[in-house]
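Protein chains in written order, with our numbering: chain A, 55 to 171; chain B, 46 to 157. In this text, a Cβ means the ideal position worked out from N, Cα and C, and glycines have one as well. For clarity, every value in this text was computed on a predicted model and none was experimentally measured.
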Amino acid sequence: KAGVTQTPRYLIKTRGQQVTLSCSPISGHRSVSWYQQTPGQGLQFLFEYFSETQRNKGNFPGRFSGRQFSNSRSEMNVSTLELGDSALYLCASSSIIGSGTNTGELFFGEGSRLTVL
Amino acid sequence: SQELEQSPQSLIVQEGKNLTINCTSSKTLYGLYWYKQKYGEGLIFLMMLQKGGEEKSHEKITAKLDEKKQQSSLHITASQPSHAGIYLCGADGGAGSYQLTFGKGTKLSVIP
């Protein structure tokens, strides 16, 4: 079974530009979530999608957005890039579909490393 | 908001030695996850603990959950170079949150 695939793996942008990152979840997984990882803040939750609906969003400015397609693939977009947006962006998928007491095991991709100059 | 504090922040051990990493939560734990990360790469799931007193083992790694103390510990027996990496604990946000809150991680180096 193929794992979570993220593209691109590495990218360099300049301040003010925008970027789109892509994530293909494990086949059959309908929940996709995104995390930002930086040396200073660690891993922080961005948002989670299930069946094309955003169910939860972290404490990030509106420049960060995402969406999920009918095939469960997801994209996230960051507009008007700032130097502080340089980070490893990780996508995770999960087979948990209900709203039980636990989020469940997340399967992470290798990440997209964004550098903003 | 929930915060997880991991200790120590970094650890250097001789191959063959045992070690313990701790994770303390500022709030009630609904579920505690342990992940391992190689530098700059994705996270690899190790274990999930849900109930107080629960203990799970996989190969030479054992994790325990103390619900009352809002703590979890990860113990590695007879460490090997393959154990090197960053260990992260993540707390479940509870029903309907669909997110994990992570600690800052513990960087483990194993010297042959």
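**Request:** Within the same chain, show all residues whose beta-carbon is closer than 6 Å to that of S126/A, passing over the 5 residues directly before and after it, in chain order.
**Result:** If you number the first sequence from 1, residue 126/A lands on position 72. So the list reads P79 and R84, once near-sequence residues are dropped.
**Request:** Measure from the C-beta of L133/B to each C-beta in chain D and report whether the shortest distance is under 8 Å.
**Result:** In the structure shown, chain D does not exist; the protein chains are A and B.
**Message:** Looking at chain B, is there any beta carbon in it that lies within less than 8 Å of the beta carbon of G163/A?
**Reply:** Taking the first sequence and counting its residues from 1, the one referred to as residue 163/A is at position 109. Interface residue, yes.
**Message:** Please list the terminal residues of the continuous beta strand (DSSP E) segment that includes D111/B.
**Reply:** In the second sequence, counting from the first residue as 1, residue 111/B sits at position 66. Note, D111/B: beta strand (DSSP E), I106 to D111.
**Within-8 Å CB hit, E86/B to chain A** = On the second sequence, residue 86/B is found 41 positions in, with the first residue counted as 1. It does; some Cβ of chain A falls within 8 Å.
**Prompt:** When the distance is taken between beta carbons, is V58/B closer than 8 Å to S171/B?
**Reply:** No answer is possible for residue 171/B: it lies beyond the span of chain B, which begins at 46 and ends at 157.
**Request:** Please confirm if Q144/B has its CB atom under 8 Å from at least one CB of chain A.
**Result:** On the second sequence, position 99 is the one that residue 144/B refers to. Yes, Q144/B lies at the interface with chain A (some Cβ there is under 8 Å from its Cβ).
**Message:** Alpha carbons only, please: which of S117/B, L56/B and N63/B is nearest the one belonging to L49/B?
**Reply:** Residue numbering aside, residue 49/B sits at position 4 when the second sequence is read from its first letter. The shortest C-alpha separation from L49/B is found at S117/B.
**Message:** Would you say E159/A lies against chain B (beta-carbon separation less than 8 Å)?
**Reply:** Numbered from 1 along the first sequence, position 105 holds the residue referred to as residue 159/A. For E159/A, the answer is yes, since a Cβ of chain B falls inside 8 Å of its Cβ.
**Request:** Taking only beta-carbon positions, decide if G150/B is within less than 8 Å of chain A.
**Result:** Position 105 of the second sequence, counted from the first residue, corresponds to residue 150/B. Closer than 8 Å: yes.
**Counterpart residues of A136/B in DSSP-defined beta bridges** = Translated into positions along the second sequence, residue 136/B becomes position 91. DSSP lists L77/B and T146/B as partners of A136/B.
**Message:** Just to confirm before moving on: does the CB-CB distance between E99/B and L91/B stay below 8 Å?
**Reply:** Here the question's residue 99/B lines up with position 54 in the second sequence. Here the question's residue 91/B lines up with position 46 in the second sequence. Contact flag unset, no.
**Item:** Best match in L74/B, I66/B and Q95/B for proximity to S46/B [C-alpha to C-alpha]
**Value:** If you number the second sequence from 1, residue 46/B lands on position 1. Of the candidates L74/B, I66/B and Q95/B, the one whose C-alpha sits nearest the C-alpha of S46/B is L74/B.
**Request:** Could you please give the first and the last residue of the uninterrupted beta strand (DSSP E) stretch that includes H120/B?
**Result:** As a working mapping, residue 120/B is identified with position 75 in the second sequence. Here the beta strand (DSSP E) through H120/B covers Q116 to I121.
**Asked** Considering only C-alpha positions, which residue in the set Y80/B, S71/B, G76/B and Q144/B is nearest to L153/B?
**Response** For the purposes of this step, residue 153/B is identified with residue 108 of the second sequence, where counting begins at 1. Considering only alpha carbons, the answer is Y80/B.
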